[in-house]
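UniProt numbering applies: residue 1 is where the sequence shown begins, and numbers increase by one.
C-beta atoms are modelled at their ideal positions from N, C-alpha and C, and glycine is treated no differently.
Okay, structure first, notes after.
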Amino acid sequence: MRAIEIVKPGGPEVLEWHEVPEPSVERGDVLIDTTASAVNRADVLQRQGFYDPPPGSSPYPGLEVSGVVTEVGADVEQFKPGDEVCALLGGGGYAERVAVPWQQVMPVPEGVPLHAAAGLPEVACTVWSNVFMLGRLRRGETLLVHGGASGIGSFAIQLAKALGSYVVTTVGSAAKAERVRELGADEVINYREEDFADKVHADVILDIMGAKYLAGNVRALKTGGRLVIIGLQGGRKAELDLGMLLAKRASVHATALRSRPVDEKGVIVRSVVDNVWPLVGAGAVRPVIYAEVPMSDAAEAHRMLDSGEHVGKILLVR
Numbered sequence: 001m002r003a004i005e006i007v008k009p010g011g012p013e014v015l016e017w018h019e020v021p022e023p024s025v026e027r028g029d030v031l032i033d034t035t036a037s038a039v040n041r042a043d044v045l046q047r048q049g050f051y052d053p054p055p056g057s058s059p060y061p062g063l064e065v066s067g068v069v070t071e072v073g074a075d076v077e078q079f080k081p082g083d084e085v086c087a088l089l090g091g092g093g094y095a096e097r098v099a100v101p102w103q104q105v106m107p108v109p110e111g112v113p114l115h116a117a118a119g120l121p122e123v124a125c126t127v128w129s130n131v132f133m134l135g136r137l138r139r140g141e142t143l144l145v146h147g148g149a150s151g152i153g154s155f156a157i158q159l160a161k162a163l164g165s166y167v168v169t170t171v172g173s174a175a176k177a178e179r180v181r182e183l184g185a186d187e188v189i190n191y192r193e194e195d196f197a198d199k200v201h202a203d204v205i206l207d208i209m210g211a212k213y214l215a216g217n218v219r220a221l222k223t224g225g226r227l228v229i230i231g232l233q234g235g236r237k238a239e240l241d242l243g244m245l246l247a248k249r250a251s252v253h254a255t256a257l258r259s260r261p262v263d264e265k266g267v268i269v270r271s272v273v274d275n276v277w278p279l280v281g282a283g284a285v286r287p288v289i290y291a292e293v294p295m296s297d298a299a300e301a302h303r304m305l306d307s308g309e310h311v312g313k314i315l316l317v318r
């Protein structure tokens, strides 16, 4: 088969479309013939040499995929050849075929085209597990989402609104502010012009920045608030005001999805299918697709992501 290989750490040009060995189908695996994958920030970090795949995962980039099941391993009863599915991966999505544990495989939500479903697994599992399972966002509470125009941000806005929350988000341009309002954001803050911590008090904050925003995030939390950090685009180390955290009876969580064991991912995947897919099927939440790029030209898709101009997901299609 063919897949995108990272020939050496570097810029988008190091992504090359090569002949590679077929994936092996082990006990409990599902083999998917890929229709599409999607580009995530983790793929960029892997390309740059900063984020190796978890042990046992495919060495090729790509954390999500959609396609058709062609083979199942021993003990797999939940899926069969011919099923249209999407899946959460530890790696390997930028390829013609990928083998994945059945626990991480999901049916395509009703009404979503097969190729577009490739843009759902990573954002849906990330948002649901962090904002709702860990952050315990409830109807009527306020969610602050940093990077509202990103794939994760655009999904979080829609899901939180569909479940009855007030949603505030940060963006870096007027054009992105208009787009996230269309997705349902109640309040939009341009981080280039305003300090979000002076503007909002949130019950839950979903943060991709890390160190740079830590102090502001703690200031912005309400009493009993929950800060969930899922990215470090603004650095790894910062001073935490424990006194303010204690006074607010607030909490800080730092989590990652890719490195979790299969069984933990499986719990999240099943919860997403039960709680999120019905909303997607009803049209209350939808994949936001910025561009579709041939998989063999993954370098161009990475250039798009690096530019920061996109809103939503960039798909790699076969």
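Query	Result
Counting along the chain, where does the alpha helix (DSSP H) carrying Ile268 start and finish?	Val262 to Asn275
Return the bridge partner residues of Pro101 from the DSSP annotation.	Asp29
Between Thr34, Ala282 and Pro53, which lies nearest to Leu257 when the distance is taken from Cα to Cα?	Pro53
Taking the alpha carbon of Ser57 as the point to measure from, which residue in Leu137, Glu300 and Ala99 has its own alpha carbon closest?	Ala99
Hey, could you find the ends of the alpha helix (DSSP H) Tyr213 is sitting in?	Ala211 to Ala220
Would DSSP call Lys313 helix, strand or coil?	strand
Per DSSP, which one or two residues make a beta bridge with Pro23?	Partner(s): none; Pro23 has no beta bridge.
What are the start and end residues of each continuous alpha helix (DSSP H) run of 4 or more residues lying completely inside the stretch 67–154, in chain order?	121–127
Report yes if the CB atom of Ala162 is closer than 8 Å to the CB atom of Leu279, and no otherwise.	yes
Under three-state DSSP, which class holds Arg236?	coil
Quick one: what's got a C-beta closer than 8 Å to Lys237's C-beta in the same chain, skipping five residues either side?	Ala211
DSSP three-state label for His253, please.	strand
Given 8 Å as the limit, is there contact between the stretch 97–111 and the stretch 264–282, that is, 3 or more CB pairs closer than that?	yes
Around the C-beta of Lys176, are 16 or more other C-beta atoms found within 10 angstroms, so that it is buried, or is it exposed?	buried
For the 8 Å Cβ check, are there 3 or more pairs between the stretch 199–207 and the stretch 221–234?	yes
Please state the DSSP three-state secondary structure of Gly56.	coil
Would you call Lys265 buried or exposed, if buried means 16 or more other Cβ atoms sit within 10 Å of its Cβ?	buried
Mapping DSSP to helix, strand and coil, what is His18?	strand
Check whether the Cβ atoms of Gly298 and Tyr166 lie closer than 8 Å to each other.	Correcting the residue identity first, residue 298 is Ala in this sequence and not Gly. No, they are not a contact pair.
Do you know whose CA, among Gly67, Glu110 and Gly111, lies nearest Arg97's CA?	Gly67
Are three or more beta carbon pairs between the stretch 19–33 and the stretch 66–83 nearer than 8 Å?	yes
Within the same chain, show all residues whose beta-carbon is closer than 6 Å to that of Pro81, passing over the 5 residues directly before and after it, in chain order.	Val69 and Thr70
Excluding five sequence neighbours on each side, which residues of the same chain lie with their C-beta closer than 7 Å to the C-beta of Tyr60?	Ala3, Ile4, Glu5, Gly91, Gly92, Tyr94 and Ala95
Counting only runs that start and end within the stretch 169–196, where is the alpha helix (DSSP H) found for 4 or more residues in a row?	174–182
Measuring straight from C-alpha to C-alpha, what distance separates Ser129 and Ser37?	21 Å
So, helix, strand or coil for Leu45, using DSSP?	helix
From this set, Glu19, Glu292, Ala250 and Gly243, which residue's C-alpha is nearest Leu227's C-alpha?	Ala250
What are the start and end residues of the alpha helix (DSSP H) that includes Glu5?	Note, Glu5: premise wrong, no alpha helix (DSSP H); beta strand (DSSP E) at Arg2 to Ile6.
If Leu315 sits next to Ala118, beta carbons under 8 Å apart, how far is it from one beta carbon to the other, in whole angstroms?	6 Å
Nearest to Leu134 by alpha carbon, out of Ser150, His253, Val285 and Leu232?	His253
What is the C-beta distance between Gly317 and Pro294, in whole angstroms, given that I count them as a contact (C-beta under 8 Å)?	The sequence shown places Val at residue 317, rather than the Gly named in the question. Indeed, because the Cβ distance is near 6 Å, the residues count as touching under 8 Å.
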